[in-house]
Amino acid sequence: MDIMENELVSVAMQIILHAGDARIKVETALKQAKQFNFTQAKETIQEAEECIHQAHISQTEVIQNETRGKTYEPCLLFAHAQDTLMTIMSELNLAKELIDFFEIMNNKIENN
Numbered sequence: 010m011d012i013m014e015n016e017l018v019s020v021a022m023q024i025i026l027h028a029g030d031a032r033i034k035v036e037t038a039l040k041q042a043k044q045f046n047f048t049q050a051k052e053t054i055q056e057a058e059e060c061i062h063q064a065h066i067s068q069t070e071v072i073q074n075e076t077r078g079k080t081y082e083p084c085l086l087f088a089h090a091q092d093t094l095m096t097i098m099s100e101l102n103l104a105k106e107l108i109d110f111f112e113i114m115n116n117k118i119e120n121n
């Protein structure tokens with residue numbers, strides 16, 4: 010099967026693109042937090058979460074199709090996309106905690 014015939018390639022690219030957009034937003038949010046702009050950082054994190062959600066929708070459709078009996082040709086790019094999504098989801102979770110931590114510490118410093 011030609012790689013362009015494998016329908017998982019287009020799904021994989023959607024996952025990678027949305028996850029990549031999320032990574033950029035996570036990096037932006039952390040930069041905003043370093044500048045003590047916590048409100049904007051949290052808004053940017055919400056945008057990153059929406060990107061992750063869009064990537065997850067693509068992945069979930071494939072998984073649901075497989076549970077219904079649809080089979081796919083193996084696709085290394087799809088495996089890479091899933092790995093990318095999981096990695097960026099972890100980065101997003103860590104960034105949310107870091108932003109909260111920085112905000113708490115900043116508030117404690119300001120109140121002393």
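If you want this note's numbering, it's the position in the sequence shown, counting the first as 1, plus 9.
Ideal Cβ positions, reconstructed from N, Cα and C, are used throughout, including at glycine.
**Item:** Three-state class that DSSP yields for Gly78 in the structure shown
**Value:** One-based indexing of the sequence shown puts residue 78 at position 69. Coil at Gly78, not helix or strand.
**Prompt:** Taking C-beta to C-beta, are His27 and Ala88 nearer than 8 Å?
**Reply:** Position 18 of the sequence shown, counted from the start, is the residue given in the question as residue 27. Position 79 of the sequence shown, counted from the start, is the residue given in the question as residue 88. Result no, Cβ atoms of His27 and Ala88 do not sit closer than 8 Å.
**Prompt:** Whose C-alpha, out of Pro83, Thr37 and Glu58, is nearest the C-alpha of Met95?
**Reply:** Taking the sequence shown and counting its residues from 1, one reaches residue 95 at position 86. The shortest Cα separation from Met95 among Pro83, Thr37 and Glu58 belongs to Glu58.
**Request:** Provide the residue span of the alpha helix (DSSP H) that contains Asn115, from first to last.
**Result:** Position 106 of the sequence shown holds residue 115. Element bounds for Asn115: Leu85 to Glu119.
**Asked** On the three-state DSSP scale, how would you describe Glu52?
**Response** Residue numbering aside, residue 52 sits at position 43 when the sequence shown is read from its first letter. The answer is helix: DSSP assigns Glu52 an H, G or I state.
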